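Chemist:
There are 2 protein chains.
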Amino acid sequence: MREVAVQGIGQTPVEEHWDRSLRDLATEAGLAAMRDAGMDRIDAVFVGNMLSGQVARQENVGALVADWMGQRGAEGFKVEAACASGAAAFRAAYLAVASGALDAVLAVGVEKMTETSGAETTAALATAADADYEGMQGVTFVGLNALIMQRYLFEFGWKHTDFGAFSINAHANGARNPNARLREPITERDYARARMICEPINLLDASPIGDGAAAVLLLPADKVKSGPRPKILVAGSAAASDSVAIHDRKDPMFLSAAFSSAHKAYDQAGVTPSQIDFFELHDAFSILSALSLEACGFAERGQGPRLALDGAIRLDGKLPICTQGGLKARGHPVGATGIYQIVEVAQQLRGEAGDNQLSKARIGMAQNIGGSGASIFTHILKAN
Amino acid sequence: MREVAVQGIGQTPVEEHWDRSLRDLATEAGLAAMRDAGMDRIDAVFVGNMLSGQVARQENVGALVADWMGQRGAEGFKVEAACASGAAAFRAAYLAVASGALDAVLAVGVEKMTETSGAETTAALATAADADYEGMQGVTFVGLNALIMQRYLFEFGWKHTDFGAFSINAHANGARNPNARLREPITERDYARARMICEPINLLDASPIGDGAAAVLLLPADKVKSGPRPKILVAGSAAASDSVAIHDRKDPMFLSAAFSSAHKAYDQAGVTPSQIDFFELHDAFSILSALSLEACGFAERGQGPRLALDGAIRLDGKLPICTQGGLKARGHPVGATGIYQIVEVAQQLRGEAGDNQLSKARIGMAQNIGGSGASIFTHILKAN
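The listed protein sequences correspond, in order, to chains Y and X.
To convert, note that position 17 of the first sequence is 364 in the working numbering; the numbers rise steadily by one, no gaps.
To convert, note that position 251 of the second sequence is 598 in the working numbering; the numbers rise steadily by one, no gaps.
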């Protein structure tokens, strides 16, 4: 298996891009990644996207984006795994380059969510859940996560306000990220007073939707010339699934697919959790931050919030998370999120993370979750 | 790059499966492929599907199907490339096994199209075209293909009835395939009198929609024990794209992505077109059969219909096509079609094609087309 490097990165700001189409956003990010890598021709474009068919009435976006980028002829397809579509496209691209069949593969994540009504977008997002056994009950995606959080508070004895530190950290970092959707720091008071969405999830527990695109260009590591920048290697790539319907899981408060994919990635990379310098996790809801930290071995069961309350997750902490704002503040254009995470890991490893640059960033991890724990992809990148 | 074998195959009949859900159909085909391969555990499930979000309001089908098959934990995602979603999933599975990262990967193609109204299904299929530049004109997918066929008749001097031989061949073979949606042979008279859909495409030029699922289980070739059956190797796997909008192409009557992907596949397999024993091509409309034969080097430009009129495409001809009925008679459950094609190639190579068995079937080719030529995947399989 060939070693694979992340050689180019690109992103658009996450915003309400009223004047930009899906293909425009993907093209801007894709061309930025190609420029960053100094490449003008690629073999393939794999597009991570969840909602283009339902929202933009556009499928076949692999060929569409390839063409719009000036890469007509390059092969392409769309990869979908609900909110983990971005990382799924990255994994498909990684496997393609690792196989030796393709050399230069672009993984683009793109989503456009703000042109439809809130009700339409909410209904489209609910297709990440089990349509026959959850959706038909009328439960929304935030509703499902609220059930998990409610149970977690009860089982482990936390108060809702104990989760505020996750959101405060994300907003603090997002405020310093020029590509973030929400650039306002928030306080404990803001968090405590935020409008309730679906008890116990309030507005500041939930990540905002948005339009945006991010892209990474993958190359075989041995074809990357050494230069002033560190070479960014994909040291671990793994994925796992759990039941889509949350009521079907043995324990709805344990992300078994996060556990499984993280441990496969640790094995491949030859590292332990204590060697991970920072972690771009999937904080679609603050409860997911806690569950992800626990499943990946950074906290004991039921103790995830402790890392936030102790400040361990801050830029100067033991395990910084969501260093550019995470889903909560950078924003969550669902199919693009997994690629934004990889871009942000690469920025840190290169020392290009601007005002959010970590002092120590040699091994970074990204984890993207589709459907409240059903499809989970974990990647570990190393600076070389 | 590891050599990859198609070790298990499975399919459901293509029908109006009123009593079956998307996950049920995928599971039936997937478990059949696992039984056929003698496996009870797989690493990954890649699902080829175009319309689940729009029609069944269900995304995240990779994890969903893995779970329903009893493979909870196995990684998965959905792959979409319009009507070529099936072959795109097969290619993703091929690359994953070839890379060495995964051993047993199931590619399942599934589509459920008959529960929605005709107008809804037509609108959903139109998302294979360019939404901003074609769809917004109100043109349907059959309308776009009709424009191509009209021009082809004019440019190359064929009569509409010259295309009847494609449909007659497909129906003759479909009548002997127990999994085919249309099992009635048709005559020249039937073809000439068929109801016009969008001039010059009549009902018997067009493939029917349907519900169905097909699956193939891929393994590294060196892990396949030799037995009474021939080993089926993936000798060539390639893909290419063209502009999605047909008016943007240099020549709307030339499938440049078919040419490019076929020639890459020939090179990889080390064969010439004359060595291909049979060809499962993408006869969504009869015009596409002609264009595919021309682009892949089996006929001169503008001479595709000649192969049909001369009988070369029949089971006893020089280049049998659509040996189990093709899209026209087996049916075209869009995201599943590409996997049905691979299953049918494997059946021929194994000598398990029943009443449609070819006398010579050592090297077979399958080509799956998404969006009237935008996303094209070509695979060459060899019996070993």
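The beta-carbon is built from N, C-alpha and C at its ideal position, and this holds for glycine as well.
This one's a predicted model, so the numbers in the text were calculated from it and none came from an experiment.
CB alanine 435 (chain Y) to CB alanine 443 (chain Y), shorter than 8 Å?
Modeler: No, these two residues do not count as a Cβ contact at 8 Å.
Chemist: How long is the line joining the alpha carbons of arginine 540 (chain Y) and isoleucine 634 (chain Y), rounded to whole angstroms?
Modeler: 18 Å
Chemist: Using a Cβ-Cβ cut-off of less than 7 Å, give me the residues of the stretch 417 to 442 of chain X that come near chain Y, in sequence order.
Modeler: Arg419, Gly420, Ala421, Glu422, Gly423, Phe424, Lys425, Val426, Glu427, Ala428, Ala429, Ala435, Ala439 and Leu442
Chemist: Can you tell me whether methionine 460 (chain Y) is buried or exposed, with buried defined as 16 or more other CB within 10 angstroms of its CB?
Modeler: buried
Chemist: Where do the N-terminal and C-terminal ends of the alpha helix (DSSP H) with serine 514 (chain Y) fall, by residue?
Modeler: The continuous alpha helix (DSSP H) containing serine 514 (chain Y) extends over residues 511 to 521.
Chemist: In the DSSP assignment, find the beta strand (DSSP E) that holds serine 588 (chain X) and state where it starts and stops.
Modeler: From DSSP, the beta strand (DSSP E) with serine 588 (chain X) extends over 579 to 588.
Chemist: If you follow the beta strand (DSSP E) that leucine 565 (chain X) is part of, which residue opens it and which one closes it?
Modeler: Per DSSP, leucine 565 (chain X) belongs to the beta strand (DSSP E) from 559 to 567.
Chemist: I want to verify the contact list: residues of chain X whose CB lies under 9 Å from the CB of aspartate 589 (chain Y), in sequence order.
Modeler: Ala410, Asp414, Arg419 and Gly420
Chemist: Flag this pair as touching only if the stretch 710 to 724 of chain Y and the stretch 580 to 590 of chain Y have three or more C-beta atom pairs under 8 Å; answer yes or no.
Modeler: yes
Chemist: For isoleucine 660 (chain X), name the three-state secondary structure that DSSP assigns.
Modeler: coil
Chemist: Just the C-alpha distance for proline 599 (chain Y) and arginine 498 (chain Y), rounded to the nearest angstrom, thanks.
Modeler: The C-alpha of arginine 498 (chain Y) is placed about 9 Å away from the C-alpha of proline 599 (chain Y).
Chemist: Would you decide whether proline 525 (chain X) is buried or exposed? Buried here means 16 or more other CB atoms lie within 10 Å of its CB.
Modeler: exposed
Chemist: For histidine 364 (chain X), which of helix, strand or coil comes out of DSSP?
Modeler: coil
Chemist: Alpha carbon to alpha carbon, what distance is there between alanine 373 (chain Y) and alanine 605 (chain Y)?
Modeler: 28 Å
Chemist: Would you say alanine 474 (chain X) reaches chain Y, if we count a Cβ-Cβ gap shorter than 8 Å as a contact?
Modeler: Sequence check: residue 474 (chain X) is threonine here, not alanine. Closer than 8 Å to some Cβ of chain Y, the Cβ of threonine 474 (chain X) qualifies, so yes.
Chemist: Hey, could you find the ends of the alpha helix (DSSP H) threonine 725 (chain Y) is sitting in?
Modeler: Careful: threonine 725 (chain Y) lies outside any alpha helix (DSSP H), inside the beta strand (DSSP E) at 722 to 730.
Chemist: According to DSSP, simplified to helix, strand and coil, what is valine 392 (chain Y)?
Modeler: strand
Chemist: Identify, in the order they occur along the chain, each residue of the same chain with its Cβ nearer than 7 Å to the Cβ of glutamate 531 (chain X), setting aside the five sequence neighbours on each side.
Modeler: The residues are His518 and Ala522.
Chemist: Is there at least one Cβ from chain X nearer than 8 Å to glutamate 406 (chain Y)'s Cβ?
Modeler: Answer yes: the Cβ-Cβ gap between glutamate 406 (chain Y) and chain X drops below 8 Å somewhere.
Chemist: With 16 as the cutoff for other CB atoms within 10 Å, does methionine 712 (chain Y) come out buried or exposed?
Modeler: buried
Chemist: Could you check the C-alpha separation between proline 567 (chain X) and isoleucine 389 (chain Y) for me, to the nearest Å?
Modeler: 27 Å
Chemist: With DSSP as the reference, please indicate the residues paired to phenylalanine 774 (chain X) in a beta bridge.
Modeler: Outside the displayed span of chain X (348 to 731) sits residue 774 (chain X), for which this structure offers no information.
Chemist: Following the continuous alpha helix (DSSP H) through glutamine 497 (chain X), name the residue where it begins and the one where it ends.
Modeler: 488 to 503
Chemist: Taking a Cβ distance cut-off of 9 Å, strictly less, list which residues of the stretch 475 to 503 of chain X are near chain Y, in chain order.
Modeler: Answer in chain order: Ala475, Ala476, Asp477, Ala478, Asp479 and Gly482.
Chemist: Determine which residues of the stretch 590 to 602 of chain X have a Cβ less than 7 Å from any Cβ of chain Y, and write them out in chain order.
Modeler: Ser590 and Val591
Chemist: With a 10 Å radius around its C-beta and 16 neighbouring C-beta atoms as the bar for buried, classify glutamine 688 (chain X) as buried or exposed.
Modeler: buried
Chemist: Which residues of chain X have a Cβ atom closer than 9 Å to the Cβ of glutamine 401 (chain Y), listed in chain order?
Modeler: Gly400, Gln401, Arg404 and Glu406
Chemist: Suppose contacts are defined by Cβ-Cβ distances below 8 Å. Is glycine 420 (chain Y) in contact with alanine 561 (chain Y) by that definition?
Modeler: no
Chemist: Taking 8 Å as the threshold (beta carbon to beta carbon), is methionine 348 (chain X) in contact with chain Y?
Modeler: yes
Chemist: I believe glycine 557 (chain X) touches glycine 718 (chain X) by the beta-carbon criterion, under 8 Å. Please report the beta-carbon distance rounded to the nearest angstrom.
Modeler: Not confirmed; about 19 Å, so no contact.
Chemist: How is valine 408 (chain X) classed by DSSP in three states: helix, strand or coil?
Modeler: helix
Chemist: Quick test of your reading: glutamate 350 (chain X) and leucine 564 (chain X), contact by CB under 8 Å. State the CB separation rounded to the nearest angstrom.
Modeler: The Cβ separation is near 15 Å, so there is no contact.
Chemist: Looking only at its chain, what residues have a beta carbon closer than 7 Å to the beta carbon of glutamine 622 (chain X), apart from the 5 residues adjacent to it on each side?
Modeler: Ile710
Chemist: I'd like to know whether the C-beta atoms of glycine 673 (chain X) and threonine 474 (chain Y) end up nearer to each other than 8 Å.
Modeler: For glycine 673 (chain X) and threonine 474 (chain Y), no; Cβs fall outside 8 Å.
Chemist: Can you tell me which of the three DSSP states glutamine 650 (chain Y) falls into?
Modeler: coil
Chemist: If you follow the beta strand (DSSP E) that isoleucine 710 (chain X) is part of, which residue opens it and which one closes it?
Modeler: 710 to 717
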